[in-house]
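S.K.: Start counting the sequence shown at 1; every next residue gets the next number (the working numbering).
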Amino acid sequence: MSTNRSDDQKLARLTSGMPSATASFFRSQFSRRALLGGMAGFGAFGLGGVATTLAAPAGAGRPKAITQQDLPADAAPLEDQVWRVPSGTGNAVTVDFYERVYERPALADVSSAALVILTKDFEIIEGAATEWSGSEDGKTWTFKLRNDIMWSDGSPLTAADYIKTFQYAADPEHAFDFAWFWDGDLLNFSECLAGDLPLEELGVRQGVDEYEVIFETVNAAPYLPAKLLYSMPLSKAALESSGPLYNSNPETAVSSGPFIISEWIQDQTLTYVRNEAYTGPWVVPMQKLIVKFATPASWYTLYEAGEIDYMEGPAPAELQLIQADPERESEIYQGVGDFACLYFFFDVTTAPFDDILVRQAFSHVIDREAMKAQIWGPQANIAPSFLANGFPASNTEGLADIQAFDPELGKQLLAEAGYPEGEGFPSLTMTVRGEGSPIEVATTQAYGSMITQHLGIPVELQTIDRQAFYDDMNSILFGWVSYGMDYFDPSNMLSVWRTGGRHPWSNADFDAKLAEATVFLGDDAERIAMFQEAERILVEDVPAVWTYFVTPIQLIKPYVKGAALEPDVNGIAAIHWPGFAADSTVSQELYIGSDAPSGRQ
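Quick look at the structure:
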């Protein structure tokens, strides 16, 4: 489509305050389309700790100014309540989940109110919703909203904002990069995404009034409250008046959360300040958030220079420097992250990896123990399968032998496939994402060397832009990636392997077992057993070589305090996923102590 003069003027105004990469992305979106115009069946969701009715007070929305008296006695002055974190460079264009998931920086999603939020014990509690219930067949879920949350433009947060947000996600013109997450789940989402039904037919609608929103699903969805952790709404009014990416520009930013963007200098800094119009229920100590863009390899330098308060994934040598100082060991935290699994994957539809013997051969020549000792140390646990220890349905012990390190067996399998000692094997490139941590880089290099050593196959490493990597993942022959949970249920982790998911692998038995377990409304133990059967099919068919479960090391300055850093129900102390965001309690539980240096910016 072409734009007229008034459209061009509006576009120039909307992009005037945006970072250059964001403005470029916005213009590409605009060129494709005009600016947007306009009996409860469950008592509790056992796996995710979800209560279906959670009461919370609600009342008329008035801005709630935080004072020093609202902070703990050992807190620094309000003006020093500043949280500074690093973020990678090069791919950030938005701070909103429902704009682009894979092009957000650190501290995205702090300007809205998710329906539910996650505690450090991985329990779902009330967010913008005060209560919710599921129908007897598990296909209709009703969420009642607080009536005291306002957008910073003075309009109330209502069901209309959530409805518009989900319609935007299903809009084929938007080309949402995380659309798969709801595809085939929400009623009519797939049809809307294909352009076969109008967006108004999507299974997200208003209930009895503007403070009730109803979600309808294709099948029974006992996991839906947990999945709605990703329900951070866009403002319907702002989306229609200012268009996509309105929150990337301080001049058009609108917030229903405790923070609002104040400045974004591309690949340098992103700054949020307190939303003075915030009327929500959460007391958040921090007054300013600063994201400093830098390559991961330089984060430790920033941390040591006192320019950031937190970082994740220090290189082994960096970690050893702090471990060597007894007075600094308290700065080291180790969590479970998002239960992520790191793995090497194959395009099983293309030779030579369409042969399971080849895939099995590759799976038996990775020495996970050696790489853990030499590269990962405490930052990961060995992954013989996909679901991490501690995650529902994990079965690492039962699946440990399937891809065990056995280079002689690997050589035998490769010979059976017709490539003795690697002879005749086509040239091989391993594709990895740009901006990888030093540890990830070392891992890909080490596995490439092991393939060459044990199978006689030279491996070339190719690094490509992260967005290009995700866009082309289905066509990458041999690559390295990770996946962590989006919500605390096996259906989430395993669903990325279903037919039509992020990889071209397809297995009818796996699909059937996964589908059966996902919608099962009976006993939790029986449901877990179904998921374990599905994972066994996955591991045995070797669409991937599992490597490590990430147990990320966090470095946190000693003056950072709060309940978020105290041990959880499992005795683990760390800033748990999803971190400082609208769908987590971390922002309510973290503050800067009085022992912090003043004037930190």
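Beta carbons: idealized from backbone N, C-alpha and C, even for Gly.
Which one of 501, 543, 436 and 382 has the shortest CA to CA distance from residue 358?
M.R.: Checked all of 501, 543, 436 and 382; the closest Cα to residue 358 is 543.
S.K.: Compute the Euclidean distance between the alpha carbons of residue 293 and residue 191, then round it to the nearest angstrom.
M.R.: If you take the alpha carbons of residue 293 and residue 191, they lie about 39 Å apart.
S.K.: In this structure, how does DSSP classify residue 266 when only helix, strand and coil are distinguished?
M.R.: The answer is coil: DSSP assigns residue 266 none of H, G, I, E or B.
S.K.: Roughly how many angstroms lie between the CA atoms of residue 105 and residue 291, to the nearest whole one?
M.R.: C-alpha separation (whole angstroms): 8 Å.
S.K.: Do residue 424 and residue 361 have their CB atoms nearer than 8 Å?
M.R.: No, Cβ-Cβ distance for residue 424 and residue 361 is not below 8 Å.
S.K.: Between residue 233 and residue 564, what straight-line distance do the alpha-carbon atoms span, to the nearest angstrom?
M.R.: In a straight line, the C-alpha of residue 233 is about 25 Å away from that of residue 564.
S.K.: Let me confirm a value: residue 637 is counted as buried when at least 16 other C-beta atoms fall within 10 Å, else exposed. Which label applies?
M.R.: Shown here, the chain extends from 1 to 601; a query on residue 637 therefore has no answer.
S.K.: What is the DSSP secondary structure of residue 142, counted as helix, strand or coil?
M.R.: Strand at residue 142.
S.K.: Is it a yes or a no for the stretch 437 to 454 touching the stretch 361 to 374, going by three-plus beta-carbon pairs under 8 Å?
M.R.: As far as the Cβ criterion goes, the stretch 437 to 454 touches the stretch 361 to 374, which means the pair count is three or higher.
S.K.: What number of angstroms, rounded off, separates the C-alpha of residue 146 from the C-alpha of residue 212?
M.R.: About 9 Å.
S.K.: From the DSSP secondary-structure annotation, give me the bridge partner or partners of residue 381.
M.R.: In DSSP, residue 381 forms a bridge with 549.
S.K.: Tell whether a beta-carbon distance below 8 Å holds between residue 601 and residue 287.
M.R.: No, the pair does not count as a contact, with Cβ atoms beyond the cut-off.
S.K.: Could you give the distance in angstroms between the alpha-carbon of residue 566 and the alpha-carbon of residue 404?
M.R.: Between residue 566 and residue 404, the C-alpha separation is close to 37 Å.
S.K.: By Cβ distance below 7 Å, which residues in the same chain neighbour residue 419 in space, the five residues on each side in sequence not counted?
M.R.: Here the set comprises 425.
S.K.: Using DSSP with H/G/I as helix, E/B as strand and the rest coil, what is residue 498?
M.R.: In the structure shown, residue 498 sits in coil (DSSP, three-state: anything other than H, G, I, E or B).
S.K.: Given that a residue counts as buried once 16 or more other Cβ atoms are within 10 Å of its Cβ, and exposed if not, what is residue 247?
M.R.: Buried, since its Cβ has 16 or more Cβ neighbours within 10 Å.
S.K.: Thinking C-beta only, is residue 430 closer than 8 Å to residue 279?
M.R.: Not closer than 8 Å, so no.
S.K.: Am I right that residue 586 and residue 593 are in contact with their C-beta atoms under 8 Å? What's the rounded C-beta distance?
M.R.: Rounded, the Cβ-Cβ distance is 16 Å, inconsistent with contact.
S.K.: Run the CB neighbour count on residue 79, radius 10 Å, all protein chains shown included, and call it buried at 16 or more, exposed below.
M.R.: Counting Cβ neighbours within 10 Å, residue 79 comes out exposed, since fewer than 16 surround it.
S.K.: Thinking just about the alpha-carbon of each residue, which of 484, 499, 500 and 501 is nearest to the one in residue 493?
M.R.: It is 484.
S.K.: Using the rule of at least 16 other Cβ atoms within 10 Å of the residue's Cβ for burial, across every protein chain shown, is residue 380 buried or exposed?
M.R.: Result: buried.
S.K.: Could you give the distance in angstroms between the alpha-carbon of residue 638 and the alpha-carbon of residue 256?
M.R.: Outside the shown range of the chain (1 to 601) lies residue 638, about which nothing can therefore be said.
S.K.: Can residue 210 and residue 187 be called in contact, C-beta distance under 8 Å?
M.R.: It is not a contact, given that the beta carbons lie outside the stated cut-off.
S.K.: Relative to the alpha-carbon of residue 208, which residue among 122, 299, 252 and 160 has its alpha-carbon at the smallest distance?
M.R.: Of the listed residues, the one whose Cα sits closest to residue 208 is 160.
S.K.: Return the residue from the list 120, 407, 378 and 271 that minimises the CA-CA distance to residue 576.
M.R.: The candidate whose alpha carbon is nearest that of residue 576 is 120.
S.K.: Indicate whether residue 115 and residue 127 have their beta-carbon atoms separated by less than 8 Å.
M.R.: Closer than 8 Å, so yes.
S.K.: Where residue 83 and residue 281 are concerned, what is the direct C-alpha to C-alpha distance, given to the nearest angstrom?
M.R.: So the alpha carbons of these two residues sit roughly 21 Å apart.
S.K.: Could you give the DSSP three-state label for residue 314: helix, strand or coil?
M.R.: Note: residue 314 maps to coil in three-state DSSP.
S.K.: Quick one: using the 10 Å Cβ neighbour count with 16 as the cut-off for buried, is residue 352 buried or exposed?
M.R.: Under this definition residue 352 is a buried residue.
S.K.: Just mark residue 77 as buried or exposed, buried being the case when its beta carbon has 16 or more other beta carbons within 10 Å.
M.R.: Burial call: exposed.
S.K.: Got a sec? Which residues, its chain only, sit under 6 Å from residue 597 by beta carbon, not counting five neighbours each side?
M.R.: None.
S.K.: Tell me the rounded alpha-carbon separation between residue 267 and residue 417.
M.R.: Cα-Cα distance, rounded: 48 Å.
S.K.: Spatial neighbours of residue 43 within its chain, please: CB distance less than 6 Å, with the 5 preceding and 5 following residues excluded, ordered by chain position.
M.R.: Any reading at residue 43 must be qualified, since the residue scores a pLDDT of 36, below 50, and its modelled position is unreliable; the value itself is stated next. Nothing meets the Cβ criterion.
S.K.: With DSSP run on the structure shown, which of helix, strand or coil describes residue 276?
M.R.: Coil at residue 276, not helix or strand.
S.K.: For residue 469, which of 443, 447 and 435 has the nearest alpha-carbon?
M.R.: That would be 435, whose Cα lies nearest to the Cα of residue 469.
S.K.: State the Cα-Cα distance for the pair residue 467 and residue 349, rounded to the nearest angstrom.
M.R.: Between residue 467 and residue 349, the C-alpha separation is close to 23 Å.
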